[in-house]
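Shown next, in C-alpha cells, is the structure this report addresses.
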Amino acid sequence: MELPFRIVKNSYFRNLLILVLTPALWSCSSHSNITNNVTYEININDKKPRVEVAFRQKERTIGLMFRDKLDSDHGMLFIYPQEQNLSFWMKNTRIPLSIAFIDSSGIITQIEPMAPYSLTSHTSRVKVRFALEMEAGWFRKNGILVGSKVDFPPEIKNLKVE
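So for the sequence shown, my numbering puts the first residue at 1; every next one is plus one.
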C-alpha cells in the first residue's frame, strides 16, 4: 500500500501522471457534450426549423434525454451511416415529442407522437437513414405530412457519420 503513495508523492512521477491523465480526462469531458448545441437550419415545405445533429453513437443514444424544454422550431436530427429500421423510446425524456422517420432521399416516411418517459418503442416501418424529433405536434401544426421532402444543408450532408 505504501508504494503507490510514494510514487505519486515523487514530483517526477506526479508530474508524469498529470501529463498523461489530463489529456485523457479532457477528451472524456469534451465527448460528454450531447451535440455541443450547434444547430443547423433545415428546410421542410418552406418551414425552417433549427436542429442539433446527432451523428455519433453517443449523441444518438442520449438524444433529447434530460432536457426540460425545447425551443420553438428547434429539434434534433439523428443521422445513421446507412438506412436501417430505426427504433426510439422516451426513457428519461421529459418533454413530449413527435418523430419523423426520413429516408436517404429526404422523404418523410412516417410521423409518430411520443409521450414523455414512455418505454414504448417507436420503430420505422421501412428502412430510413434519419429521424427528426421536434416538439409534440410540430409536424401537424406546420402542415408537414408523410411524403414531405426534407432539404439538408451541405454542412449536414458532408458530416462524417459514425
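Every residue gets a Cβ at the ideal spot worked out from N, C-alpha and C, and that includes glycine.
Asked, Found
"For residue 128, which of 100, 143 and 155 has the nearest alpha-carbon?", "100"
"Keeping to the same chain, check which residues put their C-beta closer than 7 Å to that of residue 107; ignore five residues upstream and five downstream.", "147 and 149"
"Can you give the Cα-Cα distance for residue 32 and residue 70, rounded to whole angstroms?", "Reliability fails at residue 32, whose pLDDT of 36 lies under 50, so the model's placement of it is uncertain and the value that follows must be treated cautiously. Whole-angstrom Cα-Cα distance: 20 Å."
"Sorted by chain position, which residues of the same chain lie with C-beta nearer than 6 Å to residue 126's C-beta, five sequence neighbours on each side aside?", "109"
"Suppose you measure from the CA of residue 41 to the CA of residue 140; what does that come to, to the nearest Å?", "19 Å"
"Do residue 66 and residue 132 come within 9 Å of each other at the CB atom, strictly closer than that value?", "no"
"Measure the Cβ-Cβ separation of residue 94 and residue 162 and say whether it is below 9 Å.", "no"
"Using the Cβ count rule (16 or more neighbours within 10 Å means buried), how would you classify residue 49?", "buried"
"Does the distance from the CB of residue 124 to the CB of residue 113 come in under 9 Å?", "no"
"Considering only residues of the region 102-149, which uninterrupted alpha helix (DSSP H) runs meet the minimum length of 4 residues and lie entirely inside it, listed in chain order?", "138-141"
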